[in-house]
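Mapped onto our numbering, the consecutive letters of the sequence shown carry residue numbers 368 to 713. For glycine and all other residues, C-beta sits at the position ideal for the given N, C-alpha and C. All values derive from a computational prediction rather than experimental measurement. Worksheet for the structure shown next.
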Amino acid sequence: MSVEKFSIANDGIDPAKVPQKTLNTGDKMPAIGLGTFGSDRFSGEQIAEAVKGAVAIGFRHIDCASVYGNEHLIGQSFKEILDSGLIKREELWITSKVWNDMHGEGDVLLSCAKSLKDLKLDYLDLFLVHWPFPNFHAKGVDVSSRDPNAKPYIHEEYMKVWRQMEKLKEMGLVRNIGTSNMTIPKMKLLLKDAKIKPACNEMELHPHFQQPEFFKYVVDNGIVPIGFCPIGSPTRPDRDKIETDTVDIQDPVILKIAKRLNVHPAVVCVKWAVQRGQVPIPFSIHRNEYLSNITSTISDPITKEEMKEIEGIDKNCRLIKGQVFLWKDNQSWEDLWDLNGQITPA
Ligand SMILES: NC(=O)c1ccc[n+]([C@@H]2O[C@H](COP(=O)([O-])OP(=O)(O)OC[C@H]3O[C@@H](n4cnc5c(N)ncnc54)[C@H](OP(=O)(O)O)[C@@H]3O)[C@@H](O)[C@H]2O)c1
Numbered sequence: 368m369s370v371e372k373f374s375i376a377n378d379g380i381d382p383a384k385v386p387q388k389t390l391n392t393g394d395k396m397p398a399i400g401l402g403t404f405g406s407d408r409f410s411g412e413q414i415a416e417a418v419k420g421a422v423a424i425g426f427r428h429i430d431c432a433s434v435y436g437n438e439h440l441i442g443q444s445f446k447e448i449l450d451s452g453l454i455k456r457e458e459l460w461i462t463s464k465v466w467n468d469m470h471g472e473g474d475v476l477l478s479c480a481k482s483l484k485d486l487k488l489d490y491l492d493l494f495l496v497h498w499p500f501p502n503f504h505a506k507g508v509d510v511s512s513r514d515p516n517a518k519p520y521i522h523e524e525y526m527k528v529w530r531q532m533e534k535l536k537e538m539g540l541v542r543n544i545g546t547s548n549m550t551i552p553k554m555k556l557l558l559k560d561a562k563i564k565p566a567c568n569e570m571e572l573h574p575h576f577q578q579p580e581f582f583k584y585v586v587d588n589g590i591v592p593i594g595f596c597p598i599g600s601p602t603r604p605d606r607d608k609i610e611t612d613t614v615d616i617q618d619p620v621i622l623k624i625a626k627r628l629n630v631h632p633a634v635v636c637v638k639w640a641v642q643r644g645q646v647p648i649p650f651s652i653h654r655n656e657y658l659s660n661i662t663s664t665i666s667d668p669i670t671k672e673e674m675k676e677i678e679g680i681d682k683n684c685r686l687i688k689g690q691v692f693l694w695k696d697n698q699s700w701e702d703l704w705d706l707n708g709q710i711t712p713a
């Protein structure tokens, strides 16, 4: 970790110019965030350094999670940023997530308390249920690995988690609560039973995986979609890659627009996401990359025709399939995603 004092860069973007999304709670969230999952390739120290670098150039939204194993290091970055006096806590938007092994009674509160302690904060802007299953797997396991105690989605169990999320909001420890890796049938049940509705839903969204139906459902229900893997996660762990996966940043339409704009194809994916209305959270530890990602939110828009062209390249290619969360042998990953509109039974 560098000992350099935090300072605002003079070649960054004015955060006041970055678009914002208004949530159903009235809170305003920057329309782009920095991802912090190192994909087993980047160290926690590198990511903590990138958090400082990204805030220095104008990022105000950071997407964290306890399972990424780096919140204690990112917390040190937040402390340096806030101790500098140059940025106030309320100017930052900090998200964290409860991991699958902390769904039990009281555990969600403990998980939040641990994230707050590690991140050196006294509240989170957004706290998400990372996956709607309590299924746990050891770090770095192969996709064929199964948790012997794994369960399918059980709504009553999920609601016990959600009640704890609601409690955290009532206690003021988190300002907003939300979901991740959901489906329409699961979301329908939650919206029926929630006292406090989710403000955001974090979901996989990139040009080759646009989830048009779920995206519309989320937006129509006043929930802000946060898009993970916005660039198609080219650096995701090898264990998450399969032969039929397609590559967004090699798509001819993306390449053509990148050429016109004179930017990397990754930047087109980020720019498209913001224009479409989701909040992308691109990951990068490289300054030139995160600077060009945020710059794309304030530069001239992609044309209507180009937006239409990108709409046409959806390949329904889910990259984060979640195989390790399956609960039986001989199941296919599609069972996690309720493809026929019904929650897959036990
Ligand atoms: N809720 C969930 O379950 C969930 C699941 C997955 C991810 N997430 C969140 O979403 C974040 C983003 O997803 P991700 O990290 O998987 O993938 P991603 O953001 O789609 O892709 C990240 C990779 O794209 C490249 N990149 C980024 N900006 C670039 C630019 N301007 N030019 C060229 N290349 C660029 C970088 O590769 P190089 O380093 O090679 O340059 C980087 O490692 C995660 O970090 C995490 O916070 C959440």
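Less than 7 Å between the CB of residue i and some heavy atom of ligand 1, yes or no?
| i | result |
| --- | --- |
| N437 | no |
| H631 | yes |
| E656 | yes |
| T403 | yes |
| S433 | no |
| E412 | no |
| I380 | no |
| E416 | no |
| T602 | yes |
| V496 | no |
| V634 | yes |
| C684 | no |
| P592 | no |
| S651 | yes |
| P597 | yes |
| N660 | yes |
| S547 | yes |
| I669 | no |
| D430 | yes |
| I461 | no |
| E569 | yes |
| S406 | yes |
| I648 | yes |
| I687 | yes |
Considering only C-alpha positions, which residue in the set the options is nearest to residue i?
| i | options | result |
| --- | --- | --- |
| L483 | A415, I593, I441, P519 | I441 |
| R427 | I380, K671, T613, G599 | I380 |
| G387 | I680, C684, V591, A633 | First, the amino acid is wrong: residue 387 is Gln here, not Gly. It is V591 whose Cα lies nearest to the Cα of Q387. |
| A383 | V418, I424, A415 | I424 |
| A684 | M554, N697, H575, E610 | It is Cys, not Ala, that sits at residue 684 in the sequence shown. If we check each option's Cα against that of C684, H575 comes out closest. |
| I687 | T611, S663, A398 | T611 |
| K518 | F373, F500, T670, K562 | F500 |
| F409 | F650, E676, D705 | F650 |
| T462 | D492, C479, L476 | D492 |
| P632 | E656, P579, N467 | E656 |
| L693 | I677, R606, N516 | N516 |
| H497 | K481, K464, K506 | K464 |
| I661 | S374, N391, T613, G402 | G402 |
| Q577 | E458, F494, C636 | C636 |
According to the neighbour-count rule (16 or more other Cβ atoms, all chains shown, within 10 Å of its Cβ), is residue i buried or exposed?
| i | result |
| --- | --- |
| M538 | exposed |
| D514 | buried |
| E673 | buried |
| I665 | exposed |
| E571 | buried |
| A415 | buried |
| R542 | buried |
| L535 | buried |
| P668 | exposed |
| A713 | exposed |
| D485 | buried |
| Q709 | exposed |
| V641 | buried |
Return the chain-ordered ranges of every beta strand (DSSP E) run that is complete within the stretch 370-425 and spans a minimum of 3 residues.
-> Given a length threshold of 3 residues, each whole run of the beta strand (DSSP E) inside the stretch 370-425 is given here in chain order: 387-389, 395-397.
What runs of the alpha helix (DSSP H), each 4 residues or longer, lie entirely inside the stretch 530-590?
-> 551-560, 579-587
If you scan the stretch 493-528 from start to end, which runs of the beta strand (DSSP E) of 3 or more residues do you find wholly inside it?
-> 493-496
Sequence ranges, alpha helix (DSSP H) only - wholly within the stretch 645-682, length at least 4 = 654-662, 671-678
May I have a chain-ordered list of the beta strand (DSSP E) segments no shorter than 3 residues that lie completely inside the stretch 420-469?
-> 428-430, 460-465
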